[in-house]
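Counting from 1, position 20 in the sequence shown corresponds to residue 27 in the numbering used here; the numbering is continuous, with no gaps. Note that beta-carbon positions come from the ideal geometry of N, C-alpha and C, so glycine has one too. No experiment lies behind these values; they were computed from the predicted model shown.
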Amino acid sequence: MENSSADAASRVRAIIIEQLGINPARVVDDASIVDDLGADYLEVAQIVMMIEDEFNIEISDDLAEAVITVGDAIYVVMSKTES
């Protein structure tokens, strides 16, 4: 399970890095996607859609609005992909 967790986390980080075109070293779990990484709300929506596509999951609007940090995004993926 730990390997799949690490894999999911690295895939989420890769999506954020690709979408925002930022230095990977900045994409840490406690970084705010908007405040620390400089995303606007459209970019956050695009990140959520890319995560949905990558992991074949659906993230509700309410849950998407709760994604503030990189760690939040990883947590959402982990909670949606556990079976």
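- Query: For V77, which residues from the same chain have a beta carbon less than 6 Å from its beta carbon, with the 5 sequence-adjacent residues on both sides left out?
  - Reply: V34, D36, A38
- Taking all protein chains shown into account, do 16 or more other C-beta atoms lie within 10 angstroms of the C-beta of S86, making it buried, or fewer, making it exposed? exposed
- Query: How far does the alpha helix (DSSP H) with D68 in it reach, from first residue to last?
  - Reply: 68-72
- Item | Beta carbon of V19 nearer than 8 Å to that of A80 | It is a contact, given that the beta carbons lie within the stated cut-off.
- If you draw a straight line from the C-alpha of D68 to the C-alpha of V41, how long is it? 17 Å
- Message: Nearest by alpha-carbon distance to V55: which of L70, L44, D43, G45 is it?
- Response: L70
- Query: Roughly how many angstroms separate the alpha carbons of A13 and I66, rounded to a whole number?
  - Reply: 20 Å
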